[in-house]
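From first to last, the protein sequence lines are chains A and B.
The first sequence lines up with residues 1138 to 1275 when you count with the numbering used here.
The second sequence lines up with residues 31 to 154 when you count with the numbering used here.
We put the beta carbon where it would ideally sit given N, CA and C, even for glycine.
Since this is a predicted model, take the numbers as computed values, not measurements.
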Amino acid sequence: MTPQKTLHFKTYLLIAVMVIAGPLGNVLLGKGMKHVGEPAIWPPAQLFHTASNIFTSVSIWLGICSLIIFFVAYMLVLSWADYSFVQPATSLAYGVVALLGYLLLGETVSPLRWTGIAIICLGVFVVGRTNPRTTEQV
Amino acid sequence: MPHFILFTLIVVAGTGGELCVSRAMKVVGEAPSLRPIEVAKVILRALRVPWMWLGVGMMALAFFSLLGALSIYNVSFVVPVTALSYVAGAFGGVVFLRENVSSQRWLGVLLISIGVALVFFGKN
Chain A
1138 MTPQKTLHFK TYLLIAVMVI AGPLGNVLLG KGMKHVGEPA IWPPAQLFHT
1188 ASNIFTSVSI WLGICSLIIF FVAYMLVLSW ADYSFVQPAT SLAYGVVALL
1238 GYLLLGETVS PLRWTGIAII CLGVFVVGRT NPRTTEQV
Chain B
31 MPHFILFTLI VVAGTGGELC VSRAMKVVGE APSLRPIEVA KVILRALRVP
81 WMWLGVGMMA LAFFSLLGAL SIYNVSFVVP VTALSYVAGA FGGVVFLREN
131 VSSQRWLGVL LISIGVALVF FGKN
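Listed below in C-alpha cells is the structure:
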C-alpha cells in the first residue's frame, strides 16, 4: 500500500470509529442517567449522593470508555487531517445517535424529529465543506 | 431556565474545548502510526501542551452538563440540539472576531437551525 493510500485508509478507519464510538457513548450515558434521575446538586450531601449514583453506574462507565475511544481517535485524526475535513465527515454521528437511541433504548423518534436530524446532518456537512479561513490573508 | 443553561454550557464549553484540543494537536504533531506505543507517546506529548488541559477542562464542563440534560431528555433529542454549536460558532465569529462568513456557511447554519427547530417541535 502506498503512503498516500495508507493515510487515506487510517483516516477513514478512525472517522468510522468516531462515528460509532461517539454516539454509542452518548446512548450509554443516556441509559445510565435515566436510571440515576435528574441530578440534585444542593445541599452538598445531595451532590455527593448524586455523584455516587452516577459513578457506580455500569452504563455510565461503558459510555465514558466509548467516549474515550472516540476522543483518542479524534485526537489522532486531527494530528494529520484538518478540522475542516474531519468535522463534515463526522456529521453522520447525529443520525447514528438517534438510530442507536431508537434501537437500543427504545426511544420514540417522531417522523418530524427524523426529518430535523437529517437536515442537521446536511447542514453540518455543508458548514464543514466551506473554506476554514474566513478572514482575508495579509 | 436551568435546562436552558445546561444546553448553553454543552454548546459553548463543548465548542471551545474542541477548538483548544485541535490547536493542541497541531502543536503535538502527527502520530507516525496507530501502534499502541506510538499512540501512548502522542497522548503523553499532548498532556504537556496547556491548550490540551484547557480543552479537556472545557470538555469536562460540557460533559457534566450533557449528563444533566440526558437525565431529563432523550438522547435522540439532546445530541441533535447540540448541533447549535455551529450556529453559535458562526455568529460568535462574526460578532467577536469580525470574521467573514461565506454564504455557503450561512446556508449550512440555516439548515442546522431549521433541523434543530424540527427536532424541538418533534419532541415527544
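Less than 8 angstroms separating the beta-carbons of residue i and residue j?
| i | j | result |
| --- | --- | --- |
| I1152(A) | V1214(A) | yes |
| L91(B) | L39(B) | yes |
| E129(B) | S1216(A) | no |
| G138(B) | V1264(A) | yes |
| V1173(A) | L1241(A) | no |
| I1257(A) | A113(B) | yes |
| T1267(A) | R135(B) | yes |
| A1188(A) | S106(B) | no |
| S1194(A) | G1169(A) | yes |
| A54(B) | M82(B) | yes |
| V117(B) | S95(B) | no |
| R1250(A) | L148(B) | yes |
| G1253(A) | G145(B) | yes |
| A1230(A) | T1148(A) | no |
| I102(B) | E1175(A) | yes |
How big is the Cα-Cα spacing for residue i and residue j?
| i | j | result |
| --- | --- | --- |
| L1166(A) | L1199(A) | 8 angstroms |
| G57(B) | F34(B) | Note on identity: in this sequence residue 57(B) is Val, with Gly being the wrong assignment. Roughly 35 angstroms between the two C-alpha positions. |
| V111(B) | V41(B) | 9 angstroms |
| Q1141(A) | F121(B) | 37 angstroms |
| L1237(A) | P1160(A) | 7 angstroms |
| I67(B) | S132(B) | 42 angstroms |
| E48(B) | G85(B) | 6 angstroms |
| L140(B) | G1260(A) | 7 angstroms |
| C50(B) | V124(B) | 19 angstroms |
| K1171(A) | N104(B) | 9 angstroms |
| L1150(A) | A1210(A) | 9 angstroms |
| E1181(A) | A1255(A) | One point to set straight first is that residue 1181(A) is Pro, not Glu, in the sequence displayed. Cα to Cα, the separation comes out at about 42 angstroms. |
| H1186(A) | G152(B) | 34 angstroms |
| Y1220(A) | S1247(A) | 32 angstroms |
| K71(B) | F150(B) | 43 angstroms |
| S1196(A) | S52(B) | 29 angstroms |
| F93(B) | F1146(A) | 30 angstroms |
| N1190(A) | Q1183(A) | 11 angstroms |
| A1177(A) | Q1224(A) | 34 angstroms |
| F1207(A) | G119(B) | 22 angstroms |
Quick one: grab the DSSP three-state call for residue i.
| i | result |
| --- | --- |
| S115(B) | helix |
| Y1239(A) | helix |
| A43(B) | helix |
| S1228(A) | coil |
| G138(B) | helix |
| R53(B) | helix |
| V79(B) | coil |
| E68(B) | helix |
| P62(B) | coil |
| V1246(A) | coil |
| P1180(A) | coil |
| A1153(A) | helix |
| Y103(B) | coil |
| A1218(A) | coil |
| G123(B) | helix |
Which residues in chain E sit within 8 angstroms of residue i, going by Cβ to Cβ distance?
| i | result |
| --- | --- |
| Y1239(A) | Of the protein chains in this structure, namely A and B, none is chain E. |
### Message
Using a Cβ-Cβ cutoff of 7 angstroms, what residues of the stretch 1245-1258 of chain A are near chain B? List them in chain order.
### Response
T1245, V1246, S1247, L1249, R1250, T1252, G1253, I1254, I1256 and I1257
### Query
Taking a cut of 9 angstroms between CB atoms, which residues from the stretch 35-65 of chain B lie near chain A?
E48, L49, V51, S52, A54, M55, K56, V58, G59, E60, A61, S63 and L64
### Message
Any C-beta of chain B within less than 7 angstroms: which residues of the stretch 1218-1234 of chain A qualify?
### Response
Y1220, Y1231 and V1234
### Message
Residues of the stretch 96-111 of chain B in Cβ contact with chain A at a cutoff of 8 angstroms, in chain order, please.
### Response
L96, L97, G98, L100, S101, I102, N104, V105, S106, F107, V108, V109 and P110
### Task
Taking only beta carbons into account, state which residues of the stretch 1170-1184 of chain A come closer than 8 angstroms to chain B, listed in chain order.
M1170, K1171, V1173, G1174, E1175 and P1176
### Query
Listed in chain order, which residues of the stretch 115-141 of chain B have Cβ atoms closer than 7 angstroms to some Cβ of chain A?
Listed by position along the chain: Y116, G123, E129, N130, V131, S132, Q134, R135, L137, G138, V139 and L141.
### Query
Along the stretch 78-89 of chain B, what residues have a CB closer than 7 angstroms to any CB found in chain A?
Of all residues in the stretch 78-89 of chain B, none comes within less than 7 angstroms of chain A when Cβ atoms are compared.
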